[in-house]
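Residues in the sequence shown are numbered from 4 upward in steps of one, following this note's numbering.
Even for Gly, the Cβ is constructed at its ideal location relative to N, Cα and C.
The structure presented is a predicted model; accordingly, all values stated were derived computationally and were not measured.
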Amino acid sequence: MLIKFFDAENKSSFYQWLKKLEKHRFYKKELKSLSQKATPLGKLSSLSMLSRKEIDKILVNDKKISYVMRMRNQVSSEMVNIPLSKKDFEGLIIFEKDKFEKIGVNSQDIASVIFFPLQHVIPMSLALQRLGAIYIPFEGDEEKVFFDVINNKISFLVTTPSRVSKLIDFVKKTKLKSSLRLINTGGQKIKDYHFFKMKVKKYLGADLVDNIGSSELQNFAIHCREHEQYHFVSKDQIVEVIDPETKSISDKGELVITPLWRKDFPLVRYKTRDIVKLIKSKKCSCGFADPRVIKGIEGRLDQMIKLNGVLLPIYQIHQKLLKLWTEQIVILDNLIWKYRDSPKLCLVVQEKRRKDELFIFITKKRSAFFRRKNLLVKFCQKEFYLTPEVRVIEYNVFNKLFLESMLIDLRLKVNKMVNQKAIKKLINV
Ligand SMILES: [Zn+2]
């Protein structure tokens, strides 16, 4: 089974989408070669996944290009153009409109999108107008834009979490009163969602809804209004979580997305490179049909790290280290081991006297395991060419400081989302 969930609404748009794909120059042959007995979903799951490198093949189409999304290739840093036909663009506006409607935007709202990539601002502004809201664009420096947001009585705002933090500072400083009632953020990880949401309510008087997306796909997940979880958007897109090694469905793996609103220039089973982990969902009344929920993006599949001049793939190494550690715990503790809290692991890198230093922070405090850390050390010596320091810490400390990150690089410039001071304190114990 490709996905565990498939609702009726999704089904009809999927069938329409597949019909169109059967005529697509690139997919026609592949789909025709499949058995007559194959189910529509079976057909989709037999198509190969599309990677960023192969994105050019969606350009093979007779349709006229009407809009172009742009994205930077992380490896070559060249710009990649992803075209949309007029119909695809219309599909994108409707996709955005549905999202805004779902999070509670209405025709009474005065809306704006500030400090966001222009390629998203354009379809968003159109979607908001379709909902009957008034849309006002703003430009200029930060203070001027913030002043305009308040002065024009904006009630719904889309921006990044860090701009929201700055808007809060602005309001505190100027003592101006915002008319905001709802803020939709995206593009950055929020360190403490609950705390941030409270702050937004306190100083701006608005509710907060964060969503996760990417430059070529818009949003694929929206934060729950009630609990610490993100819902997948199932309407007009098919979401799969695929183990990068086995290529099969998994609870942890790469997010693979098929946006059904793209028909003329389809992205079929598009590999996002984002790693997610499904968590146990908490009952809520958000109205999202897909039961699968995530806590956020765990990391990037192609994220590399340079240690003392050597470039290394962080995801693979992290997974191997975690496996080494987990297996040791299970072997030693198989009788009392309950899979209640699975171990967590985070790599921390810092620079000292022009040399990179590696730290491994790991949960599960059991004295017997300390001896087993030699295994991790040996693995790191082989893979990283340096000797790490292994620190076993408590769950709550880990959750507070490491956000379930795979890697924290203290060599980078100040990252607001990471409490560098507290981590450095742990390192220097
Ligand atoms: Zn919910």
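8 Å Cβ shell around residue i - same chain, five flanking residues per side excluded
i, result
"leucine 5", "Interpretation of leucine 5 is limited by its pLDDT of 47, a score under 50 that renders its predicted location unreliable; the figure taken from the coordinates is listed afterwards. Around leucine 5: Leu44, Gly45, Leu47, Ser48, Ile241, Glu243, Ile252."
"leucine 134", "Lys100, Phe103, Glu104, Val108, Asn109, Ser110, Asp112"
"lysine 156", "Ile113, Ser182"
Top-ranked residue by Cα proximity to residue i, from the options
i, options, result
"alanine 224", "Ser217, His234, His230, Ser218", "His234"
"arginine 375", "Ile260, Leu406, Val393, Arg414", "Val393"
"leucine 350", "Ile186, Val212, Ile430, Glu25", "Ile430"
"leucine 281", "Leu263, Lys255, Lys274", "Lys255"
"glutamine 319", "Tyr388, Asn84, Ile278", "Ile278"
"leucine 325", "Cys289, Gly290, Ile300, Ser408", "Ser408"
"lysine 428", "Arg276, Phe362, Leu415, Leu34", "Phe362"
"aspartate 246", "Glu81, Asp239, Glu257", "Glu257"
"valine 167", "Lys156, Asn187, Asn155", "Asn187"
"glutamate 229", "Asp144, Tyr196, Phe149", "Tyr196"
"glutamate 145", "Lys156, Lys169, Gln132", "Lys169"
"serine 51", "Leu270, Gln19, Ala41, Leu406", "Leu270"
"asparagine 222", "Thr177, Ile106, Lys323, Gln306", "Ile106"
Pair within 8 Å by beta-carbon distance, residue i and residue j
i, j, result
"threonine 329", "proline 316", "no"
"leucine 413", "valine 313", "no"
"aspartate 91", "arginine 272", "no"
"leucine 53", "lysine 274", "yes"
"glutamine 232", "lysine 298", "yes"
"leucine 179", "alanine 209", "no"
"serine 165", "tyrosine 138", "no"
"lysine 56", "phenylalanine 29", "no"
"glycine 189", "isoleucine 215", "yes"
"phenylalanine 268", "lysine 66", "yes"
"threonine 463", "glutamine 122", "Given that the chain is displayed from residue 4 to residue 432, the structure contains no residue 463 and the question cannot be resolved."
Close Cβ partners of residue i (< 6 Å) along its chain, the five nearest in sequence each way excluded
i, result
"aspartate 112", "Ala136, Ser158, Phe159"
"isoleucine 68", "Pro86"
"phenylalanine 401", "Lys347, Thr366"
"lysine 89", "Ser69"
"leucine 310", "Asp359, Phe387"
"isoleucine 308", "Leu315, Ile317"
"leucine 1", "Coverage of the chain is limited to positions 4 through 432, which leaves residue 1 absent and any answer about it impossible."
"serine 288", "none"
Sequence-distant residues of the same chain with beta carbon closer than 7 Å to residue i, five excluded per side
i, result
"alanine 130", "Ile96, Glu99, Lys100, Phe103"
"valine 174", "Ser181, Tyr206, Leu207"
"leucine 327", "Leu378, Leu379, Phe382"
"valine 161", "Val116, Phe119, Met127, Asn187"
"phenylalanine 149", "Leu170, Phe173"
Distance, residue j Cα to residue i Cα
i, j, result
"alanine 292", "phenylalanine 17", "16 Å"
"leucine 87", "phenylalanine 118", "23 Å"
"valine 395", "asparagine 422", "18 Å"
"leucine 338", "glutamine 384", "Caution is warranted here: a pLDDT of 44 is assigned to leucine 338, below 50, making its placement in the model unreliable, and the coordinate value is therefore given only provisionally. Going from the Cα of leucine 338 to the Cα of glutamine 384 covers about 32 Å."
"phenylalanine 433", "isoleucine 193", "Outside the displayed range of the chain (4 to 432) lies residue 433, so it cannot be described from this structure."
"arginine 295", "serine 284", "7 Å"
"isoleucine 434", "isoleucine 171", "The structure shown does not extend to residue 434, since the chain is modelled only from 4 through 432, so no value can be given for it."
"proline 262", "tyrosine 398", "37 Å"
"isoleucine 411", "leucine 404", "10 Å"
"serine 128", "arginine 357", "48 Å"
"arginine 73", "asparagine 84", "5 Å"
"asparagine 377", "glutamate 354", "23 Å"
"isoleucine 426", "valine 236", "35 Å"
"proline 140", "isoleucine 125", "10 Å"
"glutamate 33", "valine 212", "40 Å"
"lysine 238", "asparagine 13", "5 Å"
"histidine 321", "leucine 415", "19 Å"
"glutamine 39", "glutamate 93", "32 Å"
"aspartate 151", "valine 203", "18 Å"
"leucine 304", "arginine 276", "5 Å"
"serine 217", "arginine 75", "11 Å"
"serine 15", "leucine 183", "37 Å"
"leucine 37", "lysine 147", "58 Å"
"cysteine 227", "leucine 220", "20 Å"
"valine 432", "glycine 302", "27 Å"
"threonine 42", "glutamate 25", "14 Å"
"glycine 290", "isoleucine 300", "22 Å"
"glutamine 19", "lysine 35", "17 Å"
"phenylalanine 364", "lysine 176", "39 Å"
"glutamate 142", "glutamine 306", "33 Å"
"lysine 31", "isoleucine 58", "17 Å"
"valine 71", "methionine 82", "12 Å"
"lysine 424", "histidine 27", "54 Å"
Check: Can you list every residue whose CB sits closer than 5 Å to some heavy atom of ligand 1, going in chain order?
Finding: Cys227, Cys287, Cys289
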